[in-house]
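Taking it in order: structure first as structure tokens, then the write-up.
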Amino acid sequence: MRTIILLLVSFYAAAASPAFSRLSSSAASRSMHGSVFGVPRGGGLFGGKDKIDATDGTGGDVTAAEGTKYPVMTDEEIEEWLSHIPVFAVTDSKGQGVVLRPDNDTSVFYFFMSPQMANATLQTLKGANEDMDLRISAFSLGKIWFRILNAGDDAAVKLKAPNSEDSEGMMAKGVQYRLVPDTRDLMGARMLLTMDPADGEKLKAGGEFNAEDAQKAIAKAMTDSPKFKETFNEIPVFMIQQMRLQKQAKAEDGQAAPEPVNLLPMYFSLQNMVSTWQQFLSQAQDVKDVEPAINLMELHELVELMKKESEIDFRNVILIPPVPMAAGGPEATQASTEDDQLAQMGGATLGDL
0 MRTIILLLVS FYAAAASPAF SRLSSSAASR SMHGSVFGVP RGGGLFGGKD KIDATDGTGG
60 DVTAAEGTKY PVMTDEEIEE WLSHIPVFAV TDSKGQGVVL RPDNDTSVFY FFMSPQMANA
120 TLQTLKGANE DMDLRISAFS LGKIWFRILN AGDDAAVKLK APNSEDSEGM MAKGVQYRLV
180 PDTRDLMGAR MLLTMDPADG EKLKAGGEFN AEDAQKAIAK AMTDSPKFKE TFNEIPVFMI
240 QQMRLQKQAK AEDGQAAPEP VNLLPMYFSL QNMVSTWQQF LSQAQDVKDV EPAINLMELH
300 ELVELMKKES EIDFRNVILI PPVPMAAGGP EATQASTEDD QLAQMGGATL GDL
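Shown next as structure tokens:
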């Protein structure tokens with residue numbers, strides 16, 4: 000078995016700013032609680048009634064009129080747009096991140112979209128490092144996006160051996176920060192991009208894959224997918240064109256409440272998105288025959304689009320954090336706030352220090 004050396008990292012470059020502040024409970028909850036999903040009436044249904052499609056792009060009523068473009072989003076706006084999304088990492092009891100060094104030339108720090116995957120890594124490390132007090136810490140994706148994940152290889156950090164004094168650490172560059180998607184969503188993205196039309200028709204008709212068909216589909220997804228070939232730093236984001244979330248604006252003192260704002264939700268969890276859509280259809284009899292087209296984008300590419308003038312109004316797009324599916328299905332699934340997530344995990348975040 001290959002030995003992996005553990006080091007602890009202190010993010011001094013980010014110490015002057017709240018790069019690791021706790022997630023805001025209000026920000027985490029406003030993305031889901033009290034939301035109403037709707038389907039635009041009339042024509043223009045993406046993919047049409049008789050077609051299920053998976054594409055790589057965006058569109059719909061969040062797009063501008065012809066010749067009109069929405070202004071560039073600033074880094075601060077993008078940070079806020081990502082701020083309610085929790086990511087998870089292994090740290091020690093002081094909140095210092097655990098860096099893995101598989102060889103003398105590589106230092107890697109992992110952030111996970113899935114707390115279950117982070118916990119699996121934690122258990123593996125605990126098994127080989129029983130003297131270390133390791134735990135899972137939650138971070139705001141918005142706070143780390145520019146300052147850590149995409150800060151470049153020149154960002155200096157302090158590395159030190161576990162259980163050593165702070166004065167014994169050394170400044171180092173070149174730590175690789177890897178954001179890891181949930182493997183189920185990664186495979187889902189690959190399969191969406193490689194599924195044959197015949198397979199889609201079979202599923203649409205209520206058919207099921209036998210074991211041989213399933214193995215072929217998985218093998219094809221693993222080898223033929225044009226995107227999402229890496230297991231890190233390629234984060235799939237899913238959306239259904241017809242789905243909308245209504246956000247009720249607050250009324251000013253003595254004023255009538257403004258009209259609700261329609262937002263286009265994008266999901267990190269394919270299962271969450273499909274289940275929410277199915278739940279909506281079960282409650283809206285007039286749109287039962289609508290067949291959704293699933294759209295697929297990569298998170299880094301999505302952020303790059305936000306930094307340019309665009310026909311898409313990304314300020315009216317909202318990211319929905321992954322929610323574990325309850326045993327009772329979508330109707331029993333409740334969106335958890337950040338406080339709920341931290342209570343389940345225990346331990347501190349770097350923002351608590």
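Numbering of the sequence shown is given in numbering that gives the first Met the number 0, commencing with residue 0 and proceeding in unit increments.
Glycine included, every Cβ here is placed at the ideal spot set by N, Cα and C.
Unbroken alpha helix (DSSP H) run spanning residue i, endpoints
i	result
residue 118	114 to 127
residue 77	74 to 81
residue 222	210 to 223
Continuous beta strand (DSSP E) stretch holding residue i: start and end
i	result
residue 137	133 to 139
residue 86	85 to 91
residue 181	Taken as a continuous stretch (DSSP letters only), residue 181 belongs to no beta strand (DSSP E), as it is neither H nor E.
residue 322	Premise fails: residue 322 is in no beta strand (DSSP E) and is neither H nor E.
residue 105	105 to 111
Local conformation of residue i per DSSP, three classes
i	result
residue 329	For residue 329, the pLDDT reaches just 40, beneath the cut-off of 50, and the residue's location in the model is therefore unreliable, although a value from the coordinates is still provided. Looking at residue 329 - three-state DSSP - the assignment turns out to be helix.
residue 241	coil
residue 297	strand
residue 317	strand
residue 8	strand
residue 236	strand
residue 186	helix
residue 150	coil
residue 145	helix
residue 161	coil
residue 197	helix
residue 303	helix
residue 227	coil
C-alpha gap between residue i and residue j, whole angstroms
i	j	result
residue 299	residue 164	37 Å
residue 112	residue 126	23 Å
residue 193	residue 267	19 Å
residue 262	residue 305	16 Å
residue 83	residue 323	16 Å
residue 130	residue 239	47 Å
residue 256	residue 146	38 Å
residue 247	residue 72	23 Å
residue 223	residue 185	14 Å
residue 103	residue 217	35 Å
residue 296	residue 137	24 Å
residue 75	residue 128	39 Å
residue 353	residue 122	Because the chain is modelled from 0 through 352, residue 353 falls outside the range shown and cannot be assessed.
residue 70	residue 159	44 Å
residue 303	residue 151	16 Å
residue 156	residue 182	29 Å
residue 377	residue 228	There is no way to answer for residue 377, as the model of the chain reaches only from 0 to 352.
residue 176	residue 92	20 Å
residue 272	residue 154	36 Å
residue 90	residue 96	4 Å
residue 230	residue 105	17 Å
residue 353	residue 310	The structure shown does not extend to residue 353, since the chain is modelled only from 0 to 352, so the question has no answer here.
residue 225	residue 251	49 Å
residue 312	residue 280	26 Å
residue 7	residue 243	43 Å
residue 189	residue 254	49 Å
residue 133	residue 109	14 Å
residue 42	residue 118	Reliability fails at residue 42, whose pLDDT of 24 lies under 50, so the model's placement of it is uncertain and the value that follows must be treated cautiously. Between residue 42 and residue 118, the C-alpha separation is close to 46 Å.
residue 178	residue 187	17 Å
residue 293	residue 249	32 Å
residue 168	residue 270	43 Å
residue 99	residue 258	51 Å
residue 139	residue 116	17 Å
residue 107	residue 236	24 Å
residue 144	residue 81	8 Å
residue 101	residue 79	34 Å
residue 320	residue 314	17 Å
residue 149	residue 142	11 Å
Residues that residue i bridges to, as DSSP identifies them
i	result
residue 171	156
residue 362	Nothing in the structure corresponds to residue 362, since the chain is present only between 0 and 352.
residue 94	DSSP, once it has assigned bridges, lists no residue as partnering residue 94.
residue 288	DSSP lists no partner for residue 288.
Residue i beta carbon near the ligand HEM (any heavy atom closer than 7 Å)
i	result
residue 127	The ligand HEM is absent from the structure shown, which contains no ligand whatsoever.
Ranges of the beta strand (DSSP E) found wholly within the segment 244 to 281, counting only runs of at least 3: 260 to 266
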